[in-house]
DNA sequence: CATTCTGGTATCCTTTAGGTAACTGGCATC
DNA sequence: GATGCCAGTTACCTAAAGGATACCAGAATG
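Chains as they are written, first to last, in the working numbering: chain U, 1 to 116; chain C, 1001 to 1116.
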């Protein structure tokens, strides 16, 4: 099987696809928060600084539709709701790890550049 | 030197920093186009499908301000303008490669899921 | 019995990203 | 001398993202 050699147009297309799925300020932070053990609505909200209930609610629905997050209602009293990430969501990890690395380095770069 | 162990709040912060820099449909595609040898304004426009001159112009200024792209005017007749990516821009490569991979796989997933 | 927690909705509003289209001035080409 | 290429700029507009605020019912806590 030949090694895949993508041309620039294809690469751009794939990057735009990815950007489309993770677009916005909140989707990745929400998935990260859930993945790290925050499964309740309010826990997620606390873990993701400055997000409002309205936005969190909307984004969670979005992520559920895209099969990145699963919502489970437990019929206890009172009812509890739990959000978990899907295996497909976890496939984003290598990319997210690179984004963490880059963001960390970027802060360091800014810190060095700014003090003028 | 201790291994860095970031907590979830820090990770989210760094990811949001990264998202902020690469936000939008166009910045990464533009950088990719330049990096792959499209250095003239019209060449970049042709390499990035569907981008308009207005948006390209605005995004290039943005990227220049953030030291990801350099604009050089050659005083020939007629004047030619050349855009190049900076070394700092190239530090995005590992992340972009992961985005390409994920987007490629995502298309395959959709293709398998859809035919119902 | 007042407050606080849960998991959200409902309204309203502002900001931003991005798109459409027209236009410019200088050079080259047909 | 009309057309087209280059590298953009300008003005206008729309859709979407996101923020502010208030509110709801049910249960628990003090």
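Even for Gly, the Cβ is constructed at its ideal location relative to N, Cα and C.
Since we're looking at a predicted model, the values are computed, not measured.
Neighbour flag for residue i against chain C, beta carbons, 8 Å
{"i": "residue 16 of chain U", "result": "yes"}
{"i": "residue 68 of chain U", "result": "no"}
{"i": "residue 60 of chain U", "result": "no"}
{"i": "residue 120 of chain U", "result": "The structure shown does not extend to residue 120 of chain U, since chain U spans only 1 to 116, so no value can be given for it."}
Residues that residue i contacts on chain C, provided the C-beta gap is smaller than 7 Å
{"i": "residue 44 of chain U", "result": "Within chain C, no residue comes near residue 44 of chain U; the closest Cβ sits about 11 Å away, beyond 7 Å."}
Chain-order list of residues whose beta-carbon lies under 8 Å from that of residue i (same chain, five-residue window excluded)
{"i": "residue 1056 of chain C", "result": "1026, 1030, 1041, 1044, 1045, 1048"}
{"i": "residue 1062 of chain C", "result": "1027"}
{"i": "residue 1084 of chain C", "result": "1034, 1039, 1069, 1070, 1072"}
With 16 other Cβ atoms within 10 Å as the buried cut-off, status of residue i
{"i": "residue 37 of chain U", "result": "exposed"}
{"i": "residue 4 of chain U", "result": "exposed"}
{"i": "residue 79 of chain U", "result": "exposed"}
{"i": "residue 18 of chain U", "result": "buried"}
{"i": "residue 11 of chain U", "result": "buried"}
{"i": "residue 98 of chain U", "result": "buried"}
{"i": "residue 14 of chain U", "result": "buried"}
{"i": "residue 77 of chain U", "result": "exposed"}
{"i": "residue 1092 of chain C", "result": "buried"}
{"i": "residue 1059 of chain C", "result": "buried"}
{"i": "residue 1109 of chain C", "result": "exposed"}
Same chain, Cβ closer than 7 Å to residue i, five either side skipped, listed in chain order
{"i": "residue 1067 of chain C", "result": "1086, 1088"}
{"i": "residue 22 of chain U", "result": "28"}
{"i": "residue 53 of chain U", "result": "45"}
{"i": "residue 82 of chain U", "result": "39, 40, 72, 74"}
{"i": "residue 1095 of chain C", "result": "none"}
Neighbour list for residue i in chain U, Cβ cutoff strictly below 7 Å
{"i": "residue 1098 of chain C", "result": "94, 95, 98"}
{"i": "residue 1104 of chain C", "result": "14"}
8 Å Cβ cutoff, residue i in contact with chain U
{"i": "residue 1108 of chain C", "result": "no"}
{"i": "residue 1063 of chain C", "result": "no"}
{"i": "residue 1078 of chain C", "result": "no"}
{"i": "residue 1011 of chain C", "result": "yes"}
{"i": "residue 1056 of chain C", "result": "no"}
{"i": "residue 1081 of chain C", "result": "no"}
{"i": "residue 1008 of chain C", "result": "yes"}
Partners in chain U for residue i, counting only beta-carbon separations shorter than 9 Å
{"i": "residue 1034 of chain C", "result": "Chain U residues near residue 1034 of chain C: none, gap ~10 Å exceeds 9 Å."}
{"i": "residue 1085 of chain C", "result": "Result: empty, since nearest Cβ-Cβ is about 13 Å, beyond 9 Å."}
9 Å Cβ cut-off: residues of chain C touching residue i
{"i": "residue 25 of chain U", "result": "1016, 1019, 1020, 1023"}
Other residues of its chain near residue i: CB distance less than 6 Å, five sequence neighbours each side excluded
{"i": "residue 1064 of chain C", "result": "1071"}
Is it true that the region 100-114 of chain U meets the region 1098-1110 of chain C, where meeting means three or more beta-carbon pairs spaced less than 8 Å apart?
At 8 Å Cβ cutoff, the stretches do not touch.
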